[in-house]
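Down below is the structure, laid out as structure tokens.
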Amino acid sequence: MRPVLRPSLHIDRDRSLQESSEEGSITPADRLGRMRAGRTQNMECGPAPVNPGAGRAGGDFMYKMMWGFAMVLILIATGAVTGPSEAASKSQAVEKGASKSFTDVPGQHFQKARQDFLKKDTKDAAAEIRKSAAFLKSEAERATGETKEALTASVSELEKLADDLEKGTVTSVKTLDETFARADHALAEHHYAKASESWAKRETVRAGEDLKAAGVYLEHGLAWSGQKVESGTRDVLRDSRILAGKLIEGTGWVPDEVGKGLASVGKEIEKFGKRVELAKK
Numbered sequence: 025m026r027p028v029l030r031p032s033l034h035i036d037r038d039r040s041l042q043e044s045s046e047e048g049s050i051t052p053a054d055r056l057g058r059m060r061a062g063r064t065q066n067m068e069c070g071p072a073p074v075n076p077g078a079g080r081a082g083g084d085f086m087y088k089m090m091w092g093f094a095m096v097l098i099l100i101a102t103g104a105v106t107g108p109s110e111a112a113s114k115s116q117a118v119e120k121g122a123s124k125s126f127t128d129v130p131g132q133h134f135q136k137a138r139q140d141f142l143k144k145d146t147k148d149a150a151a152e153i154r155k156s157a158a159f160l161k162s163e164a165e166r167a168t169g170e171t172k173e174a175l176t177a178s179v180s181e182l183e184k185l186a187d188d189l190e191k192g193t194v195t196s197v198k199t200l201d202e203t204f205a206r207a208d209h210a211l212a213e214h215h216y217a218k219a220s221e222s223w224a225k226r227e228t229v230r231a232g233e234d235l236k237a238a239g240v241y242l243e244h245g246l247a248w249s250g251q252k253v254e255s256g257t258r259d260v261l262r263d264s265r266i267l268a269g270k271l272i273e274g275t276g277w278v279p280d281e282v283g284k285g286l287a288s289v290g291k292e293i294e295k296f297g298k299r300v301e302l303a304k305k
């Protein structure tokens, strides 16, 4: 059976958003697209066709066994049943918290909420924001110390934003963008802390996954903020992706490189945090 490759989730850069005249025509998704060189989507392919007649030569028993096996394959391919490898993969992604599909979860809800707000559909916008708040709440449950406090504060801010949207007191899309930027910063801090903890224990794969997630959230937060991204920041983001890949694969890294890479990402996250807090004031 050929493997089923599913396209990764990502912020939809190709949808055009109708901006109000005061907010301009450049969207956070556009900014993210310009920051990144682009993404390659995987082509989805289905399982190889099963020939039920092939089992007839072995008698009725083999024929029934082949049919049963074929039905299981079909159910797995259509998503009705989750295959063992897929279930294990999802479980590991949840535990590590750095699967690409999982790092894109809040971004999808943020983007949809923004679109709904611009369409004056505040009810749906509020619903999307509450979904993202639930995601951050689940991340806060496995966080500790200051990162836990930051995530919890962001959850409260998102929930208040959802309430205000339903009350009709939010008048500018900028309010959404700034709140989303702070949420992504809290997530970046959280995963950076997890990456540092894992590296201290020399759990390289886990460190790589969380380093990758920290970079993704920092990148998304920068896009939402609308702030100019310095060339040095872009270099750090690029280098962190490369380093994360090495750690995940388990080859090509040296201890000094990892230590310096983590420190560089940490500085960029801290710098971005100061900027979003100033914007809040």
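Heads up: the sequence shown begins at 25 in this note's numbering, then just goes up one per residue.
In this text, a Cβ means the ideal position worked out from N, Cα and C, and glycines have one as well.
- With a cutoff of 8 Å on beta-carbon distance, GLY239 and VAL300 are scored as not near each other.
- Taking a 10 Å sphere around the C-beta of ARG226, we find fewer than 16 other C-beta atoms and assign the residue as exposed.
- In the structure shown, the three-state DSSP call for GLN251 is coil.
- By alpha-carbon distance to ALA268, the top candidate from GLY131, ALA247, ALA237 is ALA237.
- The C-beta of ALA287 has fewer than 16 other C-beta atoms within 10 Å across all chains shown, which makes the residue exposed.
- Judged by pairs of C-beta atoms under 8 Å, the segment 176-186 touches the segment 206-216, as three or more such pairs exist.
- Taking THR146 as reference, the option from LYS191, TRP248, HIS244, LEU242 with the minimal CA-CA separation is LYS191.
- CA-to-CA, the gap between VAL129 and VAL260 works out to about 23 Å.
- The alpha carbon of LEU271 has as its nearest neighbour, out of ASP234, ALA247, ALA303, the alpha carbon of ASP234.
- Counting every other CB atom within 10 Å of its CB across the protein chains shown gives LYS218 a total of 16 or more, marking it as buried.
- Shown here, VAL300 sits in a helix according to DSSP, grouped into three states.
- The beta carbon of LYS161 sits closer than 6 Å to the beta carbons of VAL179 from its chain, once the five residues preceding and following it are set aside; these are given in chain order.
- With a cutoff of 8 Å on beta-carbon distance, ILE293 and TYR216 are scored as near each other.
- In this model, GLY285 and PHE159 are separated by some 27 Å (Cα to Cα).
- ASP145 carries a coil assignment under DSSP once its states are collapsed to helix, strand and coil.
- For SER255, the closest alpha carbon among the candidates THR195, ASP263, GLY232 is that of ASP263.
- Note on geometry: alpha-carbon atoms of THR275 and ALA231 lie some 13 Å from one another.
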